[in-house]
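K.L.:
The structure that follows is given in the form of structure tokens.
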Amino acid sequence: MRSRKRQRLWLVSIGVLLLGGAAALALTAFEDNLVFFHSPSDLKAGKAEVGQLIRIGGLVEDGSIARQPGTAITAFRVTDGAATATVTYEGILPDLFREGQGVVVRGRLLADGAFQGVEVLAKHDENYMPPEVADALKKSGHWKMGEDAPPKGAGS
Amino acid sequence: MTAELGHFALVAAFVLAAVQMSVPLWGAAKGDLGLMELARTTAIGQFLLIILSFAALVNAFVVSDFSVLNVVQNSHSTKPLLYKISGAWGNHEGSLLLWVLILALFGAMVAAFGRNLPPSLRARTLSVQAMIAFGFMAFMIFTSNPFDRSLPAPADGQGLNPLLQDPGLAFHPPFLYFGYVGLSIAFSFAVAALIEGKVDAAWACWVRPWTLAAWCGLTVGIGLGSWWAYYELGWGGFWFWDPVENASFIPWLCATALLHSAIVVEKRDALKSWTILLAIIAFSMSLLGTFLVRSGVLTSVHAFATDPERGVFILALLGVAIGGSLTLYAIRAPALQAGGLFQPISREGGLLLNNLFLSAAAGTVLLGTLYPLFLDVLDAGKVSVGPPYFNATFGPLMAPVLVAMVIGPFLSWKRADLGHALIRLWMALAAAAIAIALVLIYSGVKGVLPALGVGAAVWIIVGTLVEFADRIKLGRAPLGESVRRLRRQPRSAYGMTTAHIGVGLVVAGVLGATVFKTESIQVMRPGDTVVVAGYGFTLDRVEDIRGANYVAERAVFRLSSDGVEFAAVNAERRNYPVERQQTTEAGIHTTWFADLYAVVGEGDSRNGWTTRIYHNPLVPWIWLGTIVMAIGGAISLTDRRLRIGAPTTRRAKGAASNDGPVPAGAD
Numbered sequence: 000m001r002s003r004k005r006q007r008l009w010l011v012s013i014g015v016l017l018l019g020g021a022a023a024l025a026l027t028a029f030e031d032n033l034v035f036f037h038s039p040s041d042l043k044a045g046k047a048e049v050g051q052l053i054r055i056g057g058l059v060e061d062g063s064i065a066r067q068p069g070t071a072i073t074a075f076r077v078t079d080g081a082a083t084a085t086v087t088y089e090g091i092l093p094d095l096f097r098e099g100q101g102v103v104v105r106g107r108l109l110a111d112g113a114f115q116g117v118e119v120l121a122k123h124d125e126n127y128m129p130p131e132v133a134d135a136l137k138k139s140g141h142w143k144m145g146e147d148a149p150p151k152g153a154g155s
Numbered sequence: 000m001t002a003e004l005g006h007f008a009l010v011a012a013f014v015l016a017a018v019q020m021s022v023p024l025w026g027a028a029k030g031d032l033g034l035m036e037l038a039r040t041t042a043i044g045q046f047l048l049i050i051l052s053f054a055a056l057v058n059a060f061v062v063s064d065f066s067v068l069n070v071v072q073n074s075h076s077t078k079p080l081l082y083k084i085s086g087a088w089g090n091h092e093g094s095l096l097l098w099v100l101i102l103a104l105f106g107a108m109v110a111a112f113g114r115n116l117p118p119s120l121r122a123r124t125l126s127v128q129a130m131i132a133f134g135f136m137a138f139m140i141f142t143s144n145p146f147d148r149s150l151p152a153p154a155d156g157q158g159l160n161p162l163l164q165d166p167g168l169a170f171h172p173p174f175l176y177f178g179y180v181g182l183s184i185a186f187s188f189a190v191a192a193l194i195e196g197k198v199d200a201a202w203a204c205w206v207r208p209w210t211l212a213a214w215c216g217l218t219v220g221i222g223l224g225s226w227w228a229y230y231e232l233g234w235g236g237f238w239f240w241d242p243v244e245n246a247s248f249i250p251w252l253c254a255t256a257l258l259h260s261a262i263v264v265e266k267r268d269a270l271k272s273w274t275i276l277l278a279i280i281a282f283s284m285s286l287l288g289t290f291l292v293r294s295g296v297l298t299s300v301h302a303f304a305t306d307p308e309r310g311v312f313i314l315a316l317l318g319v320a321i322g323g324s325l326t327l328y329a330i331r332a333p334a335l336q337a338g339g340l341f342q343p344i345s346r347e348g349g350l351l352l353n354n355l356f357l358s359a360a361a362g363t364v365l366l367g368t369l370y371p372l373f374l375d376v377l378d379a380g381k382v383s384v385g386p387p388y389f390n391a392t393f394g395p396l397m398a399p400v401l402v403a404m405v406i407g408p409f410l411s412w413k414r415a416d417l418g419h420a421l422i423r424l425w426m427a428l429a430a431a432a433i434a435i436a437l438v439l440i441y442s443g444v445k446g447v448l449p450a451l452g453v454g455a456a457v458w459i460i461v462g463t464l465v466e467f468a469d470r471i472k473l474g475r476a477p478l479g480e481s482v483r484r485l486r487r488q489p490r491s492a493y494g495m496t497t498a499h500i501g502v503g504l505v506v507a508g509v510l511g512a513t514v515f516k517t518e519s520i521q522v523m524r525p526g527d528t529v530v531v532a533g534y535g536f537t538l539d540r541v542e543d544i545r546g547a548n549y550v551a552e553r554a555v556f557r558l559s560s561d562g563v564e565f566a567a568v569n570a571e572r573r574n575y576p577v578e579r580q581q582t583t584e585a586g587i588h589t590t591w592f593a594d595l596y597a598v599v600g601e602g603d604s605r606n607g608w609t610t611r612i613y614h615n616p617l618v619p620w621i622w623l624g625t626i627v628m629a630i631g632g633a634i635s636l637t638d639r640r641l642r643i644g645a646p647t648t649r650r651a652k653g654a655a656s657n658d659g660p661v662p663a664g665a666d
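These protein sequence lines map, in sequence, to chains A and B.
The opening position of the first sequence corresponds to residue 0 in numbering that gives the first Met the number 0, with each subsequent residue numbered one higher.
The opening position of the second sequence corresponds to residue 0 in numbering that gives the first Met the number 0, with each subsequent residue numbered one higher.
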């Protein structure tokens with residue numbers, strides 16, 4: 000029976016060691032890679048650090064989309080009703096990106112206050128409102144109940 | 000009328016499940032063979048009824064019966080037939096019916112093919128299976144009935160999300176569910192074994208083919224999903240560590256671990272209690288995935304249901320199934336007899352290492368998936384956990400598995416010599432070293448990690464082939480002897496070799512698609528040429544076209560290499576008027592060693608069009624490797640040892656004289 004106990008001992012110690020290692024790995028990875036969400040109001044209030052990868056969200060402001068001629072760069076403004084943030088993005092905007100639409104942009108805040116997008120998410124459905132955006136709109140008091148009450152994700 | 004028939008069949012199946020989950024269980028406790036036999040009849044009856052129900056739903060979609068609410072919401076009369084059919088499961092209610100169909104399918108298969116199972120184990124397994132079915136059918140009947148009427152019937156439907164109107168995605172759910180839900184049978188076997196209080200080699204032998212079949216389906220399903228994301232979303236990526244993807248990937252990792260640990264139970268009668276736990280966890284992860292995907296806590300293309308009531312119902316189901324089975328495990332597992340002993344360096348040790356690392360990897364993926372939800376619930380801020388987290392945790396945890404999976408098959412059971420195994424693997428070591436050196440010198444990619452990754456892929460593919468060659472004594476014995484050995488290898492050995500090579504291909508493809516890809520974004524006018532990775536992409540023209548149920552802007556790119564044109568690809572931006580939605584279709588030309596990938600964005604003839612062009616080396620290998628893995632699993636499934644009801648009479652014939660270790664079976 001001694002050897003059986005010994006087997007169990009090393010089995011358990013390997014398991015614990017590995018579990019500890021995996022946990023340590025996960026925690027350090029979390030530290031570096033959590034991407035926080037901010038609304039345009041948060042940006043205005045200086046809650047986000049310049050240069051850090053964050054996500055912002057809100058509605059694409061009407062009439063704010065401008066393509067820079069000769070380049071694949073598009074500039075637009077994201078609003079939560081109380082504040083707006085100017086975003087630039089190089090690349091192809093998602094199929095559902097349009098004015099008045101909820102959008103989430105992953106990117107970095109530049110020193111001049113503009114936001115450089117790395118990825119623009121306007122997903123899947125025209126009625127879909129990213130939950131973060133809905134929250135941001137609610138917070139700033141610009142949530143329109145009724146006809147516009149979006150977070151449905153209907154059908155998608 | 001057919002809708003009512005479908006509804007009626009569903010309710011009848013529900014009642015039958017109620018019988019199946021109780022009577023045979025009682026019969027098994029009393030030792031009443033007649034009552035136990037009832038499990039088989041009801042399992043098959045339940046399956047037939049659900050087929051009928053499912054057929055009724057598909058029929059409603061095919062004939063565009065707009066008096067059925069589900070059809071109104073998810074179909075349209077102009078939709079191509081394939082998508083009318085796939086629309087039947089492209090929505091919350093229909094996908095649940097598919098879920099239940101596959102649950103019943105596995106139950107019926109056990110009933111039909113499990114003749115050699117001990118009657119009590121079979122009865123208990125089918126009872127547990129019926130409990131799951133009962134819960135899900137209750138969920139459907141009370142909160143998500145696919146046969147609800149919409150009267151008066153509208154003239155036409157609202158259409159199906161165009162993103163889902165795609166051949167890859169039409170077949171993605173059936174395969175994925177086959178795997179996802181198929182794991183239920185391993186769960187049912189595990190719970191039944193806990194009730195019986197007996198786990199032995201025969202049990203592992205019975206449970207393994209079902210797990211293997213489910214694993215094959217899951218592998219193909221995940222592959223199809225990722226293929227779809229690659230060509231349909233137009234981001235050039237194949238995997239986004241999206242919570243919904245993770246929800247299917249976690250069960251896959253668990254199922255892979257389970258396949259390997261079941262070998263140890265079967266061959267060495269060890270790791271029994273761990274294997275049972277793994278079977279429970281694997282299906283629990285499927286249930287958790289279903290909850291995450293279906294409850295609307297995650298918003299994605301899969302989140303059909305955002306009705307909180309439904310979420311609570313699934314959560315309750317989840318609690319009962321996971322809580323119940325783990326409680327049973329806690330009570331019964333200590334009573335399981337401890338099995339064979341083994342040294343750390345041994346076949347068992349290798350398989351255990353595989354299990355520990357795969358489970359740890361599954362754990363970190365789970366953590367990364369749930370963490371944002373936890374924070375949100377605690378109101379501690381909105382965060383997202385992106386690919387960098389998963390790359391930083393999953394990569395290091397998988398690396399040892401990739402190294403060990405080649406060495407493992409060389410080790411003998413109980414006690415083995417690592418040095419000896421490595422000497423026999425010299426060719427693979429050399430090949431990997433050369434590959435690493437070549438990448439470091441020539442690729443121009445910075446850092447050692449990509450080179451090590453390529454080394455790992457070469458190591459796996461060459462090492463696995465070396466192992467097979469070693470097994471048939473290629474080059475060490477006369478050719479005739481080798482051929483004879485080749486023919487005597489069990490199917491499971493072929494299966495393992497094939498599946499492991501598939502892993503190597505996937506690793507290579509993933510590296511190509513992430514580290515070695517080239518990308519270029521620009522504005523192009525007809526006639527413009529962009530050179531990416533040595534290939535010229537010339538925008539020939541942009542034209543308006545009309546499809547079955549959409550209109551599109553199509554950009555035609557001519558591809559050239561050294562000024563010689565060799566192909567053309569079409570990238571489209573489609574507009575679906577019924578659904579009022581746009582989709583992007585990437586234009587892809589594959590050489591099998593690389594994909595040339597073009598996407599067109601917004602634009603007009605005056606300012607030009609935004610285009611995004613990728614050169615993705617080795618990307619096709621991801622899906623090739625996935626298919627190869629699934630084929631490996633399927634080959635192994637045909638092994639006579641695994642054929643249901645042919646337990647432990649293995650290797651009766653002369654092949655037992657391998658001087659190497661005994662074949663591990665298909666892992």
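From the three backbone atoms N, C-alpha and C, an ideal C-beta is built for every residue, glycine too.
All of these numbers come straight from a predicted model, not from anything done at the bench.
Rounded to whole angstroms, what is the Cα-Cα separation between VAL10/B and GLY134/B?
P.N.:
One C-alpha to the other measures close to 13 Å.
K.L.:
Exposed or buried, which one is ARG165/A when buried takes at least 16 other CB atoms within 10 Å?
P.N.:
Here chain A covers residues 0 to 155 and nothing more, so residue 165/A does not appear.
K.L.:
So GLU48/A is in the beta strand (DSSP E); what residue range does that whole segment cover?
P.N.:
Careful: GLU48/A lies outside any beta strand (DSSP E) and carries neither H nor E.
K.L.:
Entirely within the region 29-97 of chain A and at least 4 residues each: give me those alpha helix (DSSP H) ranges in chain order.
P.N.:
Complete alpha helix (DSSP H) runs here, min 4: 39-43.
K.L.:
Are the Cβ atoms of GLY114/B and ALA38/B separated by less than 8 Å?
P.N.:
Residue identity differs from the one stated: residue 114/B is Arg in this sequence, not Gly. No. Outside cutoff.
K.L.:
Mind listing the chain A neighbours of PRO23/B? Cutoff is C-beta to C-beta under 7 Å, in chain order.
P.N.:
Ordered by position in chain A, no residue passes the 7 Å Cβ test against PRO23/B, which lies about 36 Å from the chain.
K.L.:
Throw me the rounded Cβ distance for the VAL599/B and ALA570/B pair, which I believe falls under 8 Å.
P.N.:
Rounded, the Cβ-Cβ distance is 4 Å, consistent with contact.
K.L.:
Just confirm the distance between the C-beta atoms of GLY101/A and LEU58/A, as a whole number of angstroms; I'd bet it's less than 8 Å.
P.N.:
About 6 Å separates the two Cβ atoms, so the contact holds.
K.L.:
Which term fits ILE53/A, buried or exposed, when burial requires 16 or more other beta carbons within 10 angstroms of its beta carbon?
P.N.:
Classification for ILE53/A: buried.
K.L.:
Taking all protein chains shown into account, do 16 or more other C-beta atoms lie within 10 angstroms of the C-beta of ILE433/B, making it buried, or fewer, making it exposed?
P.N.:
Exposed, by the Cβ-count rule.
K.L.:
For ASP124/A, would you say it is in contact with chain B, using Cβ-to-Cβ distances shorter than 8 Å as the test?
P.N.:
Caution is warranted here: a pLDDT of 49 is assigned to ASP124/A, below 50, making its placement in the model unreliable, and no coordinate value can be reported.
K.L.:
Mapping DSSP to helix, strand and coil, what is ARG639/B?
P.N.:
If DSSP states are grouped into helix, strand and coil, ARG639/B belongs with coil.
K.L.:
ALA271/B and PHE341/B look like a contact to me (Cβ under 8 Å); what is the Cβ gap, rounded to whole Å?
P.N.:
The sequence as given places Lys at residue 271/B; Ala does not occur at that position. That pair is no contact at about 13 Å.
K.L.:
What does the Cβ neighbour count give for SER12/A, buried or exposed, with the cut at 16 atoms within 10 Å?
P.N.:
With fewer than 16 other Cβ atoms within 10 Å, it is exposed.
K.L.:
Indicate the three-state DSSP secondary structure (helix, strand or coil) for PHE515/B in the structure shown.
P.N.:
PHE515/B falls in the coil class under three-state DSSP.
K.L.:
In chain order, what residues of the same chain have a beta carbon less than 6 Å from the beta carbon of VAL661/B, not counting five sequence neighbours either side?
P.N.:
A caution first: VAL661/B carries a pLDDT of 37, below 50, which makes its placement in the model unreliable, though a value can still be read off. Contacts found: none.
K.L.:
Express the C-alpha separation of TRP226/B and GLU542/B in angstroms, rounding to a whole number.
P.N.:
Roughly 27 Å separates the two Cα atoms.
K.L.:
Can you tell me which of ILE500/B, GLU578/B, PHE565/B, ARG540/B puts its alpha carbon nearest to the alpha carbon of ILE630/B?
P.N.:
Per the Cα distances, ILE500/B.
K.L.:
For ILE55/A, decide whether its Cβ has a neighbour in chain B, counting only Cβ atoms nearer than 8 Å.
P.N.:
Chain B contact via Cβ: absent.
K.L.:
Whose C-beta lies closer than 6 Å to the C-beta of HIS301/B among residues of the same chain, with five residues either side of it excluded?
P.N.:
Interpretation of HIS301/B is limited by its pLDDT of 49, a score under 50 that renders its predicted location unreliable; no figure is taken from the coordinates.
K.L.:
Is ALA551/B helix, strand or coil when you go by DSSP?
P.N.:
ALA551/B falls in the strand class under three-state DSSP.
K.L.:
If distances are taken between C-alpha atoms only, which option among SER481/B, VAL555/B, GLN488/B, GLY607/B comes closest to GLN521/B?
P.N.:
Ranking the options by Cα distance to GLN521/B, first place goes to GLY607/B.
K.L.:
Does PRO68/A get closer than 8 Å to chain B when you measure Cβ to Cβ?
P.N.:
Closer than 8 Å: yes.
K.L.:
May I have a chain-ordered list of the alpha helix (DSSP H) segments no shorter than 4 residues that lie completely inside the region 402-461 of chain B?
P.N.:
Counting only runs of 4 or more, we get 417-423, 425-437.
K.L.:
Report the residues of the region 245-271 of chain B with a CB closer than 8 Å to any CB of chain A, ordered along the chain.
P.N.:
Within the region 245-271 of chain B, no residue qualifies.
K.L.:
Does the distance from the CB of HIS75/B to the CB of VAL577/B come in under 8 Å?
P.N.:
Yes, the Cβ-Cβ distance between HIS75/B and VAL577/B is below 8 Å.
K.L.:
Please report the straight-line C-alpha distance between ALA27/B and ARG639/B, rounded to a whole angstrom.
P.N.:
About 29 Å.
K.L.:
Put LEU595/B into one of helix, strand or coil per three-state DSSP.
P.N.:
DSSP places LEU595/B in strand when its eight states are reduced to three.
K.L.:
If you draw a straight line from the alpha carbon of VAL71/B to that of ALA154/B, how long is it in whole angstroms?
P.N.:
One C-alpha to the other measures close to 9 Å.
K.L.:
Looking only at its own chain, which residues have a Cβ that is under 6 Å from the Cβ of HIS6/B, when we skip the five neighbours before and after it?
P.N.:
Counting only Cβ-Cβ distances below 6 Å, and skipping sequence neighbours, we find PHE146.
K.L.:
Per the contact definition of three or more C-beta pairs closer than 8 Å, is the region 244-261 of chain B in contact with the region 527-534 of chain B?
P.N.:
Result no; under three Cβ-Cβ pairs closer than 8 Å.
K.L.:
Express the C-alpha separation of PHE389/B and GLY367/B in angstroms, rounding to a whole number.
P.N.:
Their backbone Cα atoms lie some 7 Å apart in a straight line.
K.L.:
For TYR176/B, does the count of other Cβ atoms within 10 angstroms reach 16, so buried, or fall short, so exposed?
P.N.:
So TYR176/B counts as buried.
K.L.:
Using a 10 Å radius around the Cβ and a threshold of 16 neighbouring Cβ atoms, would you call ALA304/B buried or exposed?
P.N.:
Summary for ALA304/B: the model assigns pLDDT 44, below 50, so the residue's position carries little reliability; its value from the coordinates is reported in the next sentence. Buried.
K.L.:
Tell me the DSSP bridge mates of TYR493/B?
P.N.:
In the DSSP output, where bridge partners are listed per residue, TYR493/B has none listed.
K.L.:
Relative to chain A, which residues along the region 592-620 of chain B have a C-beta separation below 9 Å, given in chain order?
P.N.:
Those would be VAL598, VAL599, GLY600, GLU601, GLY602, ASN606, GLY607, THR609, THR610, ARG611, in chain order.
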